[in-house]
Amino acid sequence: MYFATADGLGVLGHYYPSCPQPELTIGTPEHADSDFITILLQDHIGGLKIFYENQWTDFPPIPGALVVNAGDLLQLITNDKFVSSQHKVVTNKVGPRVSLASFFTTGHIQTLKVYGPITELLSEDNPAKYRDITVKEYLDYYRAKGLDGTSALLHFMI
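When we follow our numbering, the leftmost residue of the sequence shown carries the number -11, and every step to the right adds one.
The structure is reproduced here in structure tokens:
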């Protein structure tokens, strides 16, 4: 795994070798990304699964296509208009599997900027679901909680 950052962008390279017993191995546990948007380029091997309609569904690669995931921070500022996607990666007997993800965030930039639901998206019928937070506050909680399959956003709900 390789991770590099620049202002507002993180890039992560994953390398999963072939695995003779993939049913005994965890690739990447289920989670939602902690950013605003993730753009993923995956190779032809596959292994990405998304939680859709209450079940884990294979998300096979399409040559030349990019996968775009909404992250938790986008869910927060849009007050659930866009919902972050629960996903995981499973290992395969074939391989290696290689992917490259770009994370659009402010996570590594020390800022006191406060994020909350966008005012224009709120109404009497659609009140704020989350309290205002800094990205640092969110990431501190996200990292301390770990990838346990539950949403870090639950901690910040009103």
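Cβ coordinates follow ideal geometry from the N, Cα and C atoms, glycine included.
Here the alpha carbons of Val56 and Pro8 stand approximately 30 Å from one another. Contact between the region 71 to 79 and the region 35 to 48 is present: three or more C-beta pairs spanning the two stretches fall below 8 Å. The beta carbon of Gly137 sits closer than 6 Å to those of Glu18, all from its chain and outside the five residues before and after it, given in chain order. Per the coordinates, the alpha-carbon of Asn114 lies some 13 Å from the alpha-carbon of Ile65.
Fully enclosed alpha helix (DSSP H) runs of no fewer than 4 residues are not present anywhere in the region 29 to 61. Here Gly15 is not near Tyr3, since their CB atoms are 7 Å or more apart. Annotation: the region 99 to 143 contains no complete segment of the beta strand (DSSP E) (minimum length 3 residues).
Between Val86 and Leu28, the alpha-carbon positions lie close to 11 Å from each other. The shortest CA-to-CA distance from Asp68 to any of Arg119, Thr45 and Pro48 is the one to Arg119.
Pro17 sits in a strand when the DSSP states are folded into three classes. About 5 Å separates the Cβ atoms of Ala20 and Asp60, confirming a contact at the 8 Å cut-off. In this structure, DSSP gives Ile65 a helical state, which the three-state scheme calls helix. Under the DSSP assignment, Val82 falls outside any beta strand (DSSP E); it carries neither an H nor an E label.
A check of alpha carbon separations from Gln74 across Pro51, Ala140 and Thr94 identifies Ala140 as the nearest. Beta-bridge analysis with DSSP links Thr26 to Asn57 and Phe91. Beta-carbon to beta-carbon, Gly(-4) and Thr93 are separated by about 7 Å, close enough to satisfy the 8 Å threshold.
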